[in-house]
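Peer 1:
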Amino acid sequence: MSKEKSSLTLAAALNAALADEMSHDDMVVVFGEDVGTLGGVFRITEGLSQQFGDHRCFDTPLAESGIAGTAIGMALGGARPVIEMQFDAFAYPAFQQLMSHLAKMRNRTRGHASLPVTVRIPYGGGIGGVEHHADSSESYYAHTPGLKVYTPATVEDAYLMLRYAIRLDDPVIFMEPKKLYWTKADVSLEELRHEFDRRWAQVETQRDHGEPYARANVARTGEDVTLVSYGPSVVTCLAAAEAAADEGISVEVVDLRSINPLDEETIIDSVTKTGRAVVVAEAQGFASVASELTARIQQRCFHSLAAPVLRVTGFDIPFPPPMLEKYHLPSVDRIMDTIDDLQWDDTPVDYSPRVAVGGRS
Amino acid sequence: MPENAQPDLSEEQAKKLGISLEDYLLPTHGRIQMISESGELLSIEEQGSTPGHEYPMPTREELLAGYRQLVIGRRVNDQNYALVRQGRMAVYPSSHGQEASEVAAALCLSPRDWLFPTYRDTVAVITRGVDPVQVMTNFRGDWHQGYNPHEHNTSIQSTPLTTQLLHAVGMAQAARLKGEEMVVLGMVGEGGTSEGDFHEALNFASVFKLPVIFFVQNNKYAISVPLSRQTAAPSLAHKAVGYGMAGELVDGNDLAALLAVLGRAVKLCREGGGPYLVEADTYRIQSHTNADDATRYRHSAEVDEWTKRDPLHRMRTYLQNEGALTEELEAQYQDDAEQVAASLREAMGQQPDIDPLELFDHVYTVQTPQLAEQRAQLADELARESQTEQA
Ligand SMILES: Cc1ncc(C[n+]2csc(CCOP(=O)(O)OP(=O)(O)O)c2C)c(N)n1
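So the sequence lines, in the order shown, correspond to chains A and B.
Oh and the first sequence: position 25 is 19 in the numbering used here, straight run, nothing missing.
Numbering-wise, the numbering used here comes out as the position in the second sequence, counting from 1, plus 1.
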């Protein structure tokens, strides 16, 4: 009966992952702002304090630096804290703790101390939130050595990856695409649990403290061009691939899942096969994860490339107010236009900006 | 910072009053309240004042002007709440029930002073004279704020918690640099007092003896988290003493008491530059925002209890009993409020004038070449879109 598939939202999958890890290990504790009685503003922690007691899932004073800093001390003391930063931009008061201590403790102690802290951060736009509720802050974390950065794009991955993140001994910044919270999939939680146990057993027997989720996922196979993406943009890429198929272009979509560590192999295999790549991400593009991906693909796939690697990202502006965000976020149209801009035949293509600006053309 | 030549105001003040420094810095026992919940003037003993904590009643004119703003503030809160429900505005954090604190925060300052508000302090901002429709763009979703802070010496409403208090301190420092006389009032919720920035702001202000009033609206919940999870201190006003500044606890639903306490804080700040912490004991009657369901974390009995302490009702009864508030005046105030509400209804009912290309205009004083490129890209996309629409 429990094997029956039912539709599960991404939010419910995360909730189940937290509950399962809390049952598995008494040292897993969940805390943050509004995570207790309310169950979190997105209800990801719903029911946990009732089920496990409010020593295991509790509201803290309103202080992000306090939340991150005490999580570090607790981890040093043997706990496995999973902390919630209410929204992307509200993690910024905790930056000092995350950058100076969470990321560096292992290194500074020559490997004697590990900090198994999972920092859950709902991120990104597309839900019409007010200011400071739509930042894509993953590049700051990816830029910081010592942190792992995960971001699921499917319901299944949300469940499996969060459980891995909690079990790993390194700190993980777990970026949750908030626009996908209400995405549904027909999956059985029971099957997901089996799947997790099976894979975890492998990790343990292989003494591979490595990275079951450092593997990127080929979300759709194609022959002509690879879209490399992660988190919320994966869904847009899949829609663009569908639209491109109608125009006779076969698009492969790679979902990174983990930004750091980065599975270059899957990306290289795909781009070597298709010969063309477009990197797609919501965050502003300047000095970003998208920049890094573009540089690497250019370097590693140079001889297979039929066209330069192009990017579709948010503009380099503060995240726009709700009524304007649609102009900023990567859209199917913008991805399609960029695919069209790739070198498709022998006619020379002008790779200066598509639109001429002030004197340059 | 240059060597600080300010006198130690707290010590002098305590000496003048013939009380100990601690008695001066610590809030009075209980809280300052002047008018009872049913609108009666309380006796001096009942007002909660102790030596050094005696406050004169504000004048009739001050109370009438304040009451008029209460009426407008309530109308704005309720109008916006309705507009959100009708889907004409995206979100609104209402200060219904807290209007007396909102109004007093604005009215205790003179136009040259500065106010640093939060997202909930729309009514304070409007009371400072900022156009309500402009304030509401933030919650309608067409621009992040957008009004000119320098026009009414009112900063834009801060969404990240407590950050604005350090800005308030900096503003006071700048005034000192320029040799300007100015008092600055920063607003914060009781939840916000847990943030590190709160402690840093109080400490800076006190060390540099700056004329900053930290005004805490203790409305009992930070979204769902109750006061007991923010502090174990006897009151938030008690926090002042550790920083070497005076603190006072006041009934946040009593406009008279608020005007008196904040009025004295302003006066003291003006005289010598010492900072001051004022905690208003109040309550958020509605949910945190329309996206929140307050029944998940608090009982309706508690809400009912606080509804009885309504600041508007209390001031109205008092002023009527005093013979200050005539029926004509009341009608006139209601009329004024109705006009503001009508302008909001009309503005929020219209599709705002949006130019997507403006997104690139206010990132830097001079646009970077990269932004110019991106602007051209969007312009091109928009042109092609409108062509397809026409075809
Ligand atoms: C730095 C930061 N963290 C978290 C939030 C999310 N948040 C918005 S309002 C709020 C509660 C604030 O409570 P309080 O300070 O008591 O003010 P009130 O809303 O009651 O006026 C929270 C947690 C935020 N805006 N900024």
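Just so it is clear, CB atoms sit at the ideal spot from N, CA and C, and this is done for glycine as well.
Residue range of the beta strand (DSSP E) that residue 379 of chain A falls in?
Peer 2: Summary: the structure shown does not reach residue 379 of chain A, with chain A confined to residues -5 through 355, and so no result is reported for it.
Peer 1: Quick check on the burial criterion: 16 or more other C-beta atoms within 10 angstroms. Buried or exposed for residue 353 of chain A?
Peer 2: Any reading at residue 353 of chain A must be qualified, since the residue scores a pLDDT of 43, below 50, and its modelled position is unreliable; the value itself is stated next. Its Cβ having fewer than 16 others within 10 Å, residue 353 of chain A is exposed.
Peer 1: Within the same chain, show all residues whose beta-carbon is closer than 7 Å to that of residue 287 of chain A, passing over the 5 residues directly before and after it, in chain order.
Peer 2: 222 and 273
Peer 1: For residue 188 of chain B, name the three-state secondary structure that DSSP assigns.
Peer 2: strand
Peer 1: Express the C-alpha separation of residue 96 of chain B and residue 218 of chain B in angstroms, rounding to a whole number.
Peer 2: Spanning the two alpha carbons is a distance of roughly 10 Å.
Peer 1: Between the segment 110 to 136 of chain A and chain B, which residues of the former have a C-beta closer than 7 Å to a C-beta of the latter?
Peer 2: 122, 124, 125 and 126
Peer 1: Given residue 353 of chain B, which residues of its chain have a CB within under 8 Å of its CB, disregarding the five upstream and five downstream residues?
Peer 2: The beta carbon of residue 353 of chain B is closer than 8 Å to those of 138, 141 and 143 in its chain, skipping five residues each way along the sequence.
Peer 1: Which complete beta strand (DSSP E) runs does the segment 240 to 281 of chain A hold, if anything under 3 residues is left out?
Peer 2: The segment 240 to 281 of chain A is shown to contain whole beta strand (DSSP E) runs of 3 or more residues at 245 to 249, 252 to 254 and 271 to 278, in chain order.
Peer 1: What in chain B is Cβ-close to residue 83 of chain A, meaning under 7 Å?
Peer 2: 161
Peer 1: The segment 293 to 317 of chain A: which residues have C-beta closer than 8 Å to a C-beta of chain B, in chain order?
Peer 2: 309, 310, 311, 312, 314, 315, 316 and 317
Peer 1: Going straight from the alpha carbon of residue 269 of chain A to that of residue 340 of chain A, what length do you get?
Peer 2: Going by the C-alpha atoms only, they are around 14 Å apart.
Peer 1: Starting from residue 230 of chain A, find everything on chain B with Cβ-Cβ shorter than 8 Å and list it in chain order.
Peer 2: Simply none; closest approach about 15 Å.
Peer 1: Between the Cα of residue 334 of chain A and those of A:35, A:255 and A:245, spot the shortest distance and give me the residue it belongs to.
Peer 2: The shortest Cα separation from residue 334 of chain A among A:35, A:255 and A:245 belongs to A:245.
Peer 1: Using a C-beta to C-beta distance shorter than 8 Å, which residues of chain A count as neighbours of residue 224 of chain B?
Peer 2: 27, 28, 32 and 35
Peer 1: Name, please, each residue of chain B whose Cβ falls closer than 9 Å to the Cβ of residue 280 of chain A.
Peer 2: Result: 371.
Peer 1: How long is the line joining the alpha carbons of residue 332 of chain A and residue 241 of chain A, rounded to whole angstroms?
Peer 2: 14 Å
Peer 1: Which residues bound the alpha helix (DSSP H) around residue 16 of chain B?
Peer 2: DSSP places residue 16 of chain B in the uninterrupted alpha helix (DSSP H) bounded by 10 to 18.
Peer 1: Runs of 4 residues minimum, wholly inside the segment -5 to 82 of chain A: which ones carry the alpha helix (DSSP H) assignment?
Peer 2: 4 to 18, 42 to 46 and 58 to 70
Peer 1: Are there any heavy atoms of ligand 1 lying less than 7 Å away from the beta-carbon of residue 312 of chain B, as far as the coordinates show?
Peer 2: no
Peer 1: Tell me the start and end of each unbroken beta strand (DSSP E) in the segment 95 to 183 of chain A that is at least 3 residues and wholly inside, in chain order.
Peer 2: Complete beta strand (DSSP E) runs here, min 3: 112 to 117, 142 to 144, 166 to 171 and 178 to 181.
Peer 1: Could you name the residues whose beta carbon sits closer than 5 Å to any heavy atom belonging to ligand 1, keeping them in chain order?
Peer 2: A:27, A:80, A:84, B:121, B:161, B:162, B:190, B:191, B:192, B:193, B:220, B:223 and B:224
Peer 1: Going along chain B in order, which residues have a C-beta closer than 7 Å to the C-beta of residue 59 of chain A?
Peer 2: 197
Peer 1: Return helix, strand or coil for residue 187 of chain A, following the three-state DSSP convention.
Peer 2: helix
Peer 1: What's the call for residue 305 of chain B, buried or exposed, on a 16-neighbour Cβ count within 10 Å?
Peer 2: exposed
Peer 1: Checking the sheet assignment: what are the DSSP bridge partners for residue 282 of chain B?
Peer 2: B:219 and B:252
Peer 1: Under 7 Å Cβ-Cβ, which residues of chain A neighbour residue 145 of chain B?
Peer 2: 125 and 315
Peer 1: So if I threshold CB-CB distances at 7 Å, which residues from the segment 298 to 316 of chain B count as touching chain A?
Peer 2: 298
Peer 1: Tell me where the beta strand (DSSP E) around residue 304 of chain A begins and ends.
Peer 2: That run of the beta strand (DSSP E) goes 304 to 308.
Peer 1: So, does the CB of residue 336 of chain A fall closer than 8 Å to a CB anywhere in chain B?
Peer 2: no
Peer 1: Identify whether residue 194 of chain A lies in helix, strand or coil by the three-state DSSP scheme.
Peer 2: helix
Peer 1: Run through chain A and tell me which residues come within less than 7 Å of residue 357 of chain B, C-beta to C-beta.
Peer 2: 318 and 321
Peer 1: By DSSP's criteria, residue 117 of chain B is part of a beta bridge. Which residues make up the other side?
Peer 2: Per DSSP, the beta bridge partners of residue 117 of chain B are B:187.
Peer 1: Is it the case that the Cβ atoms of residue 34 of chain B and residue 241 of chain B are separated by a distance below 8 Å?
Peer 2: It is not a contact, given that the beta carbons lie outside the stated cut-off.
Peer 1: Between the segment 167 to 183 of chain A and chain B, which residues of the former have a C-beta closer than 9 Å to a C-beta of the latter?
Peer 2: none
Peer 1: May I have the straight-line CA-CA distance separating residue 120 of chain B from residue 289 of chain A, to the nearest angstrom?
Peer 2: 41 Å
Peer 1: Taking 8 Å as the threshold (beta carbon to beta carbon), is residue 191 of chain A in contact with chain B?
Peer 2: No, residue 191 of chain A does not count as interfacial toward chain B.
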